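What follows is a set of notes on a single structure, which appears directly below.
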Amino acid sequence: FRSSARMYRLAESPDKAAATYMRAANAVGDVDVKLAMELCSDACAVFEDEQRAVFAMDTFKAAINYMVKKGKFAEAIAMLYRQNKVYQMVMKTFENELYKNLLSIIVLRFVTGDYETAEKEHKEFQTTAAFSQASECIAADALIDAWTSGSAEALAKATKLQTFTFLANGIAVLVRKLVFDEAKLKAAHAARAAADAKDQSDALAAANADLP
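Heads up: the sequence shown begins at 11 in our numbering, then just goes up one per residue.
Now the structure itself:
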C-alpha cells in the first residue's frame, strides 16, 4: 500500500495517494491501531499544503474519527491541530469548520480530565479570527465555567447545548457522556488554589519591598 501511495505521489496524483493510505488504514484498523494511525497521518500529509487544502476535509475527518473511536484522544487532538493549520490557509471557506475543531479539542481535553490545559487552550483560541463571537466559543465557555465551579450540574447543563450536536459524530457522543473525573478535578483545583496563593504572597512581598 505504501509503495503504491508513494508512486501516486511521484506521479502527482495526490488524491489517489491519500485514498491508498486510507484504504490501507481501513484494512489494518482492527488489528494494528498504531500502524493504522501512521497510515492515516500519511494520508493527511498528502494534503498539508495550500494547493490541496480544499480536498483535505474528508481525509482528516476520517482519520480523526478513527482515532476517537479507538480512544486515542491525544493523537486525535494532534490531528485536529494539523487540520486547523490547513483550515487557516483558506479561512473564508473553512472558518466554521475551524471553530468546530477548536471546540472539539476542548471536549477531548475534558474527556481525558485535562481541565487546566482546556482552559489555557480556550483562552488562546479566543485570539483566532472571530472565534470569541462564535457559538462554539459559548459552548466552550460553558464547559470551562463548569470546571471552574466544580459543578456537575453545570457540566450536565452545558453538554445539552445544541452546538455540540454539530461536532463530528464520535465527539458529539463523547459530549453526552461527559462527567468530571473527581480525582483530577480536585487535584486541578488544589493546584490552582496553591498557584493563586503564591501569586498573592509574591505580590505582598513585592509591595512590602517597596515600602520605605
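For every residue, glycine included, the Cβ atom is placed at its ideal position computed from N, Cα and C. The model shown is predicted, which means the values in this text are computed figures rather than measured ones.
Could you give the distance in angstroms between the alpha-carbon of residue i and the alpha-carbon of residue j?
i	j	result
A29	G180	22 Å
F83	L118	6 Å
A164	I154	10 Å
A197	V41	36 Å
V64	A55	14 Å
D209	R202	11 Å
M17	A53	In this prediction, M17 has a pLDDT of 49, which is less than 50 and means its spatial position is unreliable; what the coordinates show is noted afterwards. So the two alpha carbons sit approximately 14 Å from each other.
V38	L45	7 Å
S51	I116	21 Å
A35	M77	11 Å
A15	R62	Its pLDDT being 49, under 50, A15 is placed unreliably in this model, and the value from its coordinates should be taken loosely. Looking at the two C-alpha atoms, the distance is approximately 16 Å.
K262	A200	One cannot answer for residue 262 here, as it falls past the ends of the chain, which runs 11 to 222.
K194	A86	21 Å
T173	K167	13 Å
D206	L184	32 Å
E129	T175	21 Å
A219	D212	10 Å
F139	C147	This sequence places Ala at residue 139; Phe is not what is there. Those two C-alpha atoms are separated by around 12 Å.
A66	A204	44 Å
M47	G81	12 Å
E105	Y91	14 Å
K122	L49	Correcting the residue identity first, residue 122 is Thr in this sequence and not Lys. Cα to Cα, T122 sits roughly 24 Å from L49.
K187	F120	11 Å
A162	T127	19 Å
A88	T158	25 Å
So residue i packs on residue j, CB below 8 Å; how close in whole Å?
i	j	result
A150	H132	5 Å
A182	I74	Between I74 and A182 the Cβ distance is about 13 Å, and since that is not below 8 Å, they are no contact.
A72	M32	6 Å
F141	V96	Wrong, their Cβ atoms sit about 17 Å apart, outside the cutoff.
L171	A156	The pair is not a contact, with the Cβ atoms about 11 Å apart (cut-off 8 Å).
Given that a residue counts as buried once 16 or more other Cβ atoms are within 10 Å of its Cβ, and exposed if not, what is residue i?
i	result
Q93	buried
M101	exposed
Y109	buried
V189	exposed
L214	exposed
T69	buried
E192	exposed
T137	exposed
S114	buried
T169	buried
N111	buried
E134	exposed
D124	buried
A27	buried
P24	buried
Does any heavy atom of the ligand NAP sit closer than 8 Å to the C-beta of residue i?
i	result
V189	The model on display carries no ligand, and the ligand NAP is accordingly not part of it.
Is the shortest distance between the beta-carbon of residue i and the beta-carbons of chain C less than 9 Å?
i	result
W157	In summary, chain C is missing from the structure at hand, where a single protein chain is found.
TODO: Run through the stretch 48-90 for me and flag every whole alpha helix (DSSP H) of 4 or more residues, listed as ranges in chain order.
DONE: 67-79
Open item on the list: In chain order, what are the residue ranges of uninterrupted alpha helix (DSSP H) at least 4 long that sit wholly in the stretch 112-170?
Closed with: 125-135, 145-159 and 162-168
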